[in-house]
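Heads up: the sequence shown at position 195 corresponds to 195 in full-length UniProt numbering, and the numbers run straight through without jumps. Cβ coordinates follow ideal geometry from the N, Cα and C atoms, glycine included. This one's a predicted model, so the numbers in the text were calculated from it and none came from an experiment. These notes are about the structure you will find just below.
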Amino acid sequence: MRKMLAAVSRVLAGAAQKPASRVLVASRNFANDATFEIKKCDLHRLEEGPPVTTVLTREDGLKYYRMMQTVRRMELKADQLYKQKIIRGFCHLCDGQEACCVGLEAGINPTDHLITAYRAHGFTFTRGLSVREILAELTGRRGGCAKGKGGSMHMYAKNFYGGNGIVGAQVPLGAGIALACKYNGKDEVCLTLYGDGAANQ
Numbered sequence: 001m002r003k004m005l006a007a008v009s010r011v012l013a014g015a016a017q018k019p020a021s022r023v024l025v026a027s028r029n030f031a032n033d034a035t036f037e038i039k040k041c042d043l044h045r046l047e048e049g050p051p052v053t054t055v056l057t058r059e060d061g062l063k064y065y066r067m068m069q070t071v072r073r074m075e076l077k078a079d080q081l082y083k084q085k086i087i088r089g090f091c092h093l094c095d096g097q098e099a100c101c102v103g104l105e106a107g108i109n110p111t112d113h114l115i116t117a118y119r120a121h122g123f124t125f126t127r128g129l130s131v132r133e134i135l136a137e138l139t140g141r142r143g144g145c146a147k148g149k150g151g152s153m154h155m156y157a158k159n160f161y162g163g164n165g166i167v168g169a170q171v172p173l174g175a176g177i178a179l180a181c182k183y184n185g186k187d188e189v190c191l192t193l194y195g196d197g198a199a200n201q
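Next up, the structure:
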């Protein structure tokens with residue numbers, strides 16, 4: 001207890017020695033939102049591009065951070081379960097790519113569609129499934145999103161058409177989903193994701 005109080009005392013003593021102007025400026029830097037400038041995009045067959053600035057509120061920032069942390073912890077646990085041979089078969093992890101999952105989800109509506117190939121666990125979470133359902137699927141349990149029969153590459157959620165075991169096979173499926181949205185007159189988009197392995201096929 002004495003060590004902790006001594007440490008707190010040192011920190012407070014250091015803060016007291018700072019000029020008042022520096023302390024005042026530091027206290028003003030705590031805002032509830034932040035504005036970011038976005039690099040202007042080249043346009044193809046568009047008259048108007050996306051906005052060049054965006055605002056992130058404190059609440060949204062914390063929500064996105066918590067989602068990324070949850071995906072990271074889930075993936076690290078899945079890695080551990082795979083190494084313990086509790087997860088059988090393939091286990092394509094997306095740790096280190098959490099911002100992609102969360103950022104894409106932040107940019108679309110819940111009614112929009114998403115399809116990918118490998119590394120789908122994070123997208124499955126951001127589309128609404130719980131960590132419990134995802135880990136149950138990975139470990140072959142009935143409580144999984146595909147009743148434990150799909151594993152790492154075949155997870156599904158509402159408006160999420162899962163991973164795909166064939167490299168690049170999700171691209172024509174995504175085009176079909178987008179065509180169905182257009183045909184039915186729905187104001188929805190379909191994000192079709194693929195990696196560098198499918199890019200050259």
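DSSP, reduced to helix, strand and coil, places Ala117 outside both helices and strands of the structure shown, so it counts as coil.
In terms of Cα proximity to Thr124, the closest of Asn109, Gly143 and Asn159 is Asn159.
In this structure, DSSP gives Ala106 a helical state, which the three-state scheme calls helix. Here the alpha carbons of Gln84 and Gly128 stand approximately 27 angstroms from one another. In this structure, Thr53 sits away from Thr70, with a CB-CB distance that is not shorter than 8 angstroms. Remark: C-beta atoms of Cys94 and His121 approach each other more closely than 8 angstroms. Here the region 67-82 lies against the region 90-106, with 3 or more beta-carbon pairs under 8 angstroms apart.
Restricting attention to Thr139, Ser130 and Ala175, the CA atom closest to the CA of Leu193 is found in Ala175. When secondary structure is reduced to three states using DSSP, Thr126 falls in the helix class. Relative to Ala157, the option among Asp79, Lys40 and Ile134 whose CA is nearest is Ile134. Contact annotation: Gly197 and Val167 have beta-carbon atoms nearer than 8 angstroms. Only residues of its own chain outside the window of five on either side were considered, and among them Ala78, Tyr82, Leu138 and Ser152 have a CB closer than 7 angstroms to the CB of Cys91, listed in chain order. Ala117 counts as buried, since at least 16 other C-beta atoms from the protein chains shown sit within 10 angstroms of its C-beta. A direct Cα-to-Cα measurement between Cys41 and Gly49 gives close to 7 angstroms. In the structure shown, Glu188 falls within a coil segment according to DSSP collapsed to helix, strand and coil.
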